[in-house]
Each structure stands twice: as C-alpha cells, then as structure tokens.
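Protein sequence lines, in the order shown, are assigned to chains R and L. The first sequence begins at 302 in this note's numbering and counts up by one. The second sequence begins at 26 in this note's numbering and counts up by one.
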Amino acid sequence: MNAQETKRIGYSKAVIALVAALSCLIIYILACVLSPVTWSPDSSKIAILVTPADGEPNVSAIFTYDVATDEHVLLDTVQESGILSGPAWSPDGKWIAYYKVEPPVPQEPAPAAAIDPNAASLTVKSSEKAGGEANVIKTVEELFSEENKMMPPFLLEAIKEMSAQQDEDYETFGMKLMVAAPDGNQRKVLRVMKCTGDKDNTLRQLFFIRPEWSPDSANIFHVRCLSGGYYFASLNRQAGQTQVHLFSTTGQGSVSPDGKWLASLLEGILVLARIDGTTCKYSKMDEDLEYWLSGWSPDSRKLLITTKETLVVIDHSTGDKQLYVDPDAKLVGYGHFSADGDNVYYLATRKNDDPNLSEPRLDIRSVNLNDKKTTVLFSLPEGVSATIDDDSLTQFSVSPDGRMFLARGVKEGKDGNPKSILLFWDGKTQKIVETDPWLMEIQHAP
Amino acid sequence: MNTIDYIFSFLCGQDASRSFAIAGQLLPFCQRCTGVYVGMGIGFLYLLLSRQYRKGLPPLSILYVNIASLLIMPLFGFHIFDPGAAWRLWSGLIFGNAIVFLLLPAVSTILNEGRIIGHHTKTSTLCFFALFAFLNTIPLWFPIQSIYFYYAALGVSFTGLVCVLFCVTAITGFLIKKTVVLVNLKGFGNECARD
Numbered sequence: 302m303n304a305q306e307t308k309r310i311g312y313s314k315a316v317i318a319l320v321a322a323l324s325c326l327i328i329y330i331l332a333c334v335l336s337p338v339t340w341s342p343d344s345s346k347i348a349i350l351v352t353p354a355d356g357e358p359n360v361s362a363i364f365t366y367d368v369a370t371d372e373h374v375l376l377d378t379v380q381e382s383g384i385l386s387g388p389a390w391s392p393d394g395k396w397i398a399y400y401k402v403e404p405p406v407p408q409e410p411a412p413a414a415a416i417d418p419n420a421a422s423l424t425v426k427s428s429e430k431a432g433g434e435a436n437v438i439k440t441v442e443e444l445f446s447e448e449n450k451m452m453p454p455f456l457l458e459a460i461k462e463m464s465a466q467q468d469e470d471y472e473t474f475g476m477k478l479m480v481a482a483p484d485g486n487q488r489k490v491l492r493v494m495k496c497t498g499d500k501d502n503t504l505r506q507l508f509f510i511r512p513e514w515s516p517d518s519a520n521i522f523h524v525r526c527l528s529g530g531y532y533f534a535s536l537n538r539q540a541g542q543t544q545v546h547l548f549s550t551t552g553q554g555s556v557s558p559d560g561k562w563l564a565s566l567l568e569g570i571l572v573l574a575r576i577d578g579t580t581c582k583y584s585k586m587d588e589d590l591e592y593w594l595s596g597w598s599p600d601s602r603k604l605l606i607t608t609k610e611t612l613v614v615i616d617h618s619t620g621d622k623q624l625y626v627d628p629d630a631k632l633v634g635y636g637h638f639s640a641d642g643d644n645v646y647y648l649a650t651r652k653n654d655d656p657n658l659s660e661p662r663l664d665i666r667s668v669n670l671n672d673k674k675t676t677v678l679f680s681l682p683e684g685v686s687a688t689i690d691d692d693s694l695t696q697f698s699v700s701p702d703g704r705m706f707l708a709r710g711v712k713e714g715k716d717g718n719p720k721s722i723l724l725f726w727d728g729k730t731q732k733i734v735e736t737d738p739w740l741m742e743i744q745h746a747p
Numbered sequence: 026m027n028t029i030d031y032i033f034s035f036l037c038g039q040d041a042s043r044s045f046a047i048a049g050q051l052l053p054f055c056q057r058c059t060g061v062y063v064g065m066g067i068g069f070l071y072l073l074l075s076r077q078y079r080k081g082l083p084p085l086s087i088l089y090v091n092i093a094s095l096l097i098m099p100l101f102g103f104h105i106f107d108p109g110a111a112w113r114l115w116s117g118l119i120f121g122n123a124i125v126f127l128l129l130p131a132v133s134t135i136l137n138e139g140r141i142i143g144h145h146t147k148t149s150t151l152c153f154f155a156l157f158a159f160l161n162t163i164p165l166w167f168p169i170q171s172i173y174f175y176y177a178a179l180g181v182s183f184t185g186l187v188c189v190l191f192c193v194t195a196i197t198g199f200l201i202k203k204t205v206v207l208v209n210l211k212g213f214g215n216e217c218a219r220d
C-alpha cells in the first residue's frame, strides 16, 4: 500500500468519523430541544391580577405580560364591586383559569310567594344577577343541587345540615369558574357556582386564591364558598364531571407536581387528599399560628407552609416537620421551592436597627434545606414597599424554570402617589413595570 | 435570560426540573446536556494539550469504546432507561467524550488531506482509558456546591461547545476553499482538478 493510498483511506475514514460524530450530536440536540418539556409558559410571560395601588379598586383586570417584549394583553376585567381572583396558567399553556364574581345588578325584590315557606328555607338577603343567573334560592336542596351528582351522600347531608342550622340570613352570589386563552381572544365560563356566606369577606379572600390545574391540564381544581368555608372539587374539562376532594377554611389549595395529591388547610389542620379519592391524611398544626400554604417540592414529597416568622417543610410520606427560621428576618412569606428542591426562596422583611427608617426593607432570600443556611439573594430597591404581615396584595413568585423572580409591590411615583409595580429580577438585572397605566387603558377605552 | 441561557436554549430543552443547581445557580442546560458539553470540553482540552488529535483516528480499542458510548445514548436519551440524575450525567459525559474523540482527529485528518502526524502508542491508549475512567467517576461527586465550581462547569461546557463550533467552522471553511479552488481556478471539466 503506497503513501497516496494510505492517505486516501485515512481521509475516507476521517470523513466517515466526522459524519458519524456530527450526525449523532445533531440527533441528540434535536431530541433534547424538541422533547416535550413541562414548563408552563409563564417563564416568559406572566398572568397577573392587576388592581390599583390604593387597595380599593374600582376596576381590576387580569393581564398577561411578556417579560421580554413588555407587551401586555387584557384577558378579563370587572368594575366596582365585582371581583377577579388570581389567575392560574394551565401546564400546557393553552388556558388561564380564574374565578370571577360579576358586580351586582340591582333588581326588583323577589316576590314573597316565590319562596316556599314549608321548605327548609334560606332567606335571600339580596337579589343580584351573577353570570346571567338570578340567585333566588328557595331551599337548601336547590342550593346544593349540583352536589347531588358529585359528593358522597353522607358529606352532602352534613353540609345541608350545617347550612340549615345557620342562624343568620344567607347571602348568595354566583361565582364563575372561567378560562381565557392567553392571547385574550377567547373566554369561557366553565361553571357558575352558587356561593353563600359573608360576601365581602369571601370576595376579599378571592384575591388570595386561584384555581389549580392538574399536571396534564385535564382537570381544574376549584373551590366553592359555603358560609365561611370552602370545598375543593375537580372539574374534568372533557367529560364535564366534577368530583369533591376536601374541605378547607382558607380556600388555598395546591396540587402536587405528580398530580396525585391535593393539599389545603382546614383551620389548624393540614389536609392531604389523594386525588383518586383513596386516602386522606390530616396533620395537626399549631392552632395559634396563621398558615399560608405555599406549595410542593418538585418531587411531590414535601409541602411548604409559611407562617409570618417561619417556613415549615412537611414530608408527607414520613410526617417529618422541619422548621426554618431566618434569624435576620422579621417577617417571612411567599415561599417557593427551588427547581432542585434543595432551597426555598421567600420574601422577608429585614430586622431594622435604625429607628429612623420607617419603611421596612424587603429581601428575596433563600434557605438551604440541608444546612439551614440563609442567603440574601436580592434587596428590593429603596422606595419599593410591600407588606407581608397583612392581607395585602403583595405577591412573590419564581418562574418555573427558576430563572426569574417576580415581586409585586408599591412604589411612590414622582407625584407622590403610590403606583403598583411588578419587579422582575433574573439574578443579575432588575426590571420594574408599572401596572396602573394598564388599568387606565381599560377605563379610557371607548 | 442571560446570553449563555439564550445560546443554550437552541441546544437544550432546559428542563429546570432536570438541571443541576450549583450554589443556588441553575445551569443553563439539562443534566444530560451538562454531561455532553462537559465531556466534550474535557475531551477537547485533553486532545488539544496532548496533541493526540494530529495522530489520526484513535486505535480500534478506543474506537470500540467510543462507538459503544454513542450507542448507549439512545437508551438513555430517549428515556428507555432513566434511573436518575447521575446516570443522565454519566450517559452525557461518555457520549460527549466519544463525539470529540471522533470529531477532532477526523477534522484534523481532513484538513491535512489525509496526512497524519505521529502514531498512537500504548501510552496514549492508556492515557485515553485513564481519562475515560476519570469521566466515569464524575457522576459520583458532581456537582460541588461552590460558585467557583458553577463557573468552572459553565466554562468547561462552553469549551465543549466551542470545540464543536470550531470543527464545524473549520470543515465548512475547508469545503468552501476546495469548492472555490475547484470552480474558479481549474473548472469543473478539468480532470486534473479532481485529483
């Protein structure tokens, strides 16, 4: 074999090796990029309930906002005493679910004859239209007519009995479970639920709750308000079937990432219900504390619950409870597990030794769940205020890809008036977006 | 999203639930891609520093290991087996290493038009297996929770990516040069030009 032939063979082998290596790499990259990922789209966009900074909204609206392009799209709005809940983006990215209570429309009082005096009566305090439905409720049976189809009979009887024993007058209102397309072009009412109880309190609570989606986007977990309490049900969007899962006093629910568990709080008890209905676990908490259900770890084993001073991580398989106290924080809230489940991100007000500083400073912090070491990731800029210790609309969340933090707060404008803002932080740079102009656009729209 | 995140978004699904977080920072690629790019980066640095790439394609013993490493990927890459993060990293590491051990010598040989400089010895083969053994130990200790390690992992991964880009650019340049020479200087019809 001469040198020329050796070179030619070597050249051919090299070409084969090159083609093989590049082909393998390209196939791998394509497979990795195109493989289905479970990110919800809100890593690039957010869906958010926007209300004016003064806290007494005459208009509130749900928008989607593209973090990169600054484009915002109106999904739904209500005026005056109507209310919208926080939105929840479906894991497949196609829909955004939320609750809506339309503002009351004054109507003629219902004729007395329409109410059967012999039935287990519910006195209708006000007459309003909700979602086009008049809410004149005659009997307990009528109020719970939907539950006949989805609730075990003994639970239904218990609820009826509880409602019939109520001394005070009932006020009923319709709460819609809605879904909207992220582009704002489509909106559907999935259910209209008759709710009872103190309307003002219930509506205030609606700000802090939102529906939840199953990981496959097939089911929406929603609440129905009943005289100060809630029950969680799931609605299968294709079959239209509803199933009741658990009772709650907070209306906050959280579906585990593996889609097997639903968690909520019932007074001082953490309730965990298997979504298939086979198991229900109860874990007693300290009754004196006010708990906020923050969410699940990515492996669906641990639940994060926050009080005002501590983060509580509960391993539901072992029942093990771990308390994390940030020694440098006065108040903590809005905890989120990191993508690897080893850290919890949260918002904290700093302990301030300087009495001249009236406004508490807020930090985005993280605690390592293994060594309990806390780290300040980012301090919210001076002039941005947010509160953790009351029912404010402060919000803090982490994008599902773990790369973007969002805090909602208030910033004093140049005219001295407070402005609602969204503060995005990607670990290096911050971006502040004022949301009040979005509401002005609605109010001034023709 | 920073620049590195953006670059790797074209190369990786970036599933955060399957990405390593080092000292609170999430790597901009999934666990398997971390293995692929780190494997390529380590292999590239080894070949470059030892100048093994100039000796042509590796001997058969190394070639068989590399082919086996490439063939393992479909089993793990298409989730036929998915035993956890360490295995994802491992399958990526040996895959990336195999790619570079084929790609770099092949590009060198093509650019030198079949000429190779030097020959593989027993020592060079042993060095490859030592490197391969080291790669196999990485999933046992990866990642170290230090911000320096985060930047090191990012740097090595970026080196792996640069290696592939360098190879593709070099081959593209070589092909363009050949084509220009063929078309402009000698013409398609010239039999001598083809040789």
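For every residue, glycine included, the Cβ atom is placed at its ideal position computed from N, Cα and C.
8 Å Cβ shell around residue i - same chain, five flanking residues per side excluded
| i | result |
| --- | --- |
| residue 639 (chain R) | 645, 646, 667, 699 and 703 |
| residue 380 (chain R) | 359, 360 and 404 |
| residue 581 (chain R) | 547, 572, 573, 574 and 575 |
| residue 29 (chain L) | 53, 179 and 183 |
| residue 489 (chain R) | 479, 480 and 481 |
Where residue i falls, given that 16 or more other Cβ within 10 Å makes a residue buried
| i | result |
| --- | --- |
| residue 549 (chain R) | buried |
| residue 701 (chain R) | buried |
| residue 680 (chain R) | exposed |
| residue 674 (chain R) | exposed |
| residue 205 (chain L) | exposed |
| residue 144 (chain L) | exposed |
| residue 543 (chain R) | buried |
| residue 89 (chain L) | exposed |
| residue 623 (chain R) | exposed |
| residue 43 (chain L) | buried |
| residue 487 (chain R) | exposed |
| residue 38 (chain L) | buried |
| residue 536 (chain R) | buried |
| residue 202 (chain L) | exposed |
| residue 172 (chain L) | exposed |
Residues near residue i in its chain [Cβ-Cβ closer than 6 Å; skip 5 each side]
| i | result |
| --- | --- |
| residue 175 (chain L) | 47, 48 and 50 |
| residue 496 (chain R) | 474, 476 and 526 |
| residue 559 (chain R) | 601 |
| residue 636 (chain R) | 595, 605, 607, 612, 645 and 647 |
| residue 419 (chain R) | Because residue 419 (chain R) sits at a pLDDT of 37, beneath the cut-off of 50, its placement in the model cannot be relied upon, and the point is left open. |
Where residue i meets chain R, residues with beta-carbon distance less than 8 Å
| i | result |
| --- | --- |
| residue 79 (chain L) | Correct list: empty, because the minimum Cβ distance to chain R is about 12 Å. |
| residue 196 (chain L) | 319 |
| residue 165 (chain L) | The contacting residues do not exist; residue 165 (chain L) stays about 18 Å from chain R at best. |
Chain L residues whose Cβ lies nearer than 7 Å to that of residue i
| i | result |
| --- | --- |
| residue 639 (chain R) | 46 |
Contacts of residue i in chain R (Cβ-Cβ under 7 Å)
| i | result |
| --- | --- |
| residue 134 (chain L) | 311, 312 and 315 |
| residue 140 (chain L) | 308 |
| residue 187 (chain L) | Result: empty, since nearest Cβ-Cβ is about 14 Å, beyond 7 Å. |
| residue 51 (chain L) | 640, 703 and 704 |
| residue 82 (chain L) | 314, 315 and 318 |
Residue i vs residue j beta-carbon contact at 9 Å
| i | j | result |
| --- | --- | --- |
| residue 64 (chain L) | residue 119 (chain L) | yes |
| residue 474 (chain R) | residue 387 (chain R) | no |
| residue 365 (chain R) | residue 384 (chain R) | no |
| residue 45 (chain L) | residue 187 (chain L) | no |
| residue 123 (chain L) | residue 322 (chain R) | yes |
| residue 734 (chain R) | residue 722 (chain R) | yes |
| residue 127 (chain L) | residue 161 (chain L) | no |
| residue 374 (chain R) | residue 484 (chain R) | yes |
| residue 60 (chain L) | residue 136 (chain L) | no |
| residue 583 (chain R) | residue 552 (chain R) | no |
| residue 629 (chain R) | residue 670 (chain R) | no |
| residue 758 (chain R) | residue 512 (chain R) | The structure shown does not extend to residue 758 (chain R), since chain R is modelled only from 302 through 747, so no value can be given for it. |
| residue 304 (chain R) | residue 130 (chain L) | no |
Neighbourhood of residue i by C-beta distance below 7 Å, restricted to the same chain and skipping five residues each side
| i | result |
| --- | --- |
| residue 132 (chain L) | 192, 195 and 196 |
| residue 616 (chain R) | 602 and 603 |
Contact list for residue i against chain L, beta-carbon separation under 9 Å
| i | result |
| --- | --- |
| residue 665 (chain R) | Within 9 Å Cβ-Cβ: nothing; residue 665 (chain R) doesn't reach chain L, min ~11 Å. |
| residue 325 (chain R) | 95, 98, 120, 123, 124 and 127 |
9 Å Cβ cutoff, residue i in contact with chain B
| i | result |
| --- | --- |
| residue 602 (chain R) | Looking for chain B here will not work: the only protein chains present are R and L. |
Beta-carbon neighbours of residue i, restricted to chain L and to distances below 8 Å
| i | result |
| --- | --- |
| residue 333 (chain R) | 36, 37, 38, 55, 57, 58 and 102 |
| residue 643 (chain R) | 46 |
| residue 534 (chain R) | Near residue 534 (chain R) there are no residues of chain L at all, since even the closest Cβ is about 28 Å away, more than 8 Å. |
Per-residue contacts from residue i into chain R (C-beta, under 9 Å)
| i | result |
| --- | --- |
| residue 158 (chain L) | Chain R residues near residue 158 (chain L): none, gap ~22 Å exceeds 9 Å. |
Proximal residues, the region 698-731 of chain R versus chain L, C-beta separation under 9 Å:
700, 701, 702, 703, 704, 705, 727, 728, 729 and 730
What residues in the region 55-74 of chain L have a beta carbon less than 8 Å from any beta carbon of chain R?
55, 57, 58 and 61
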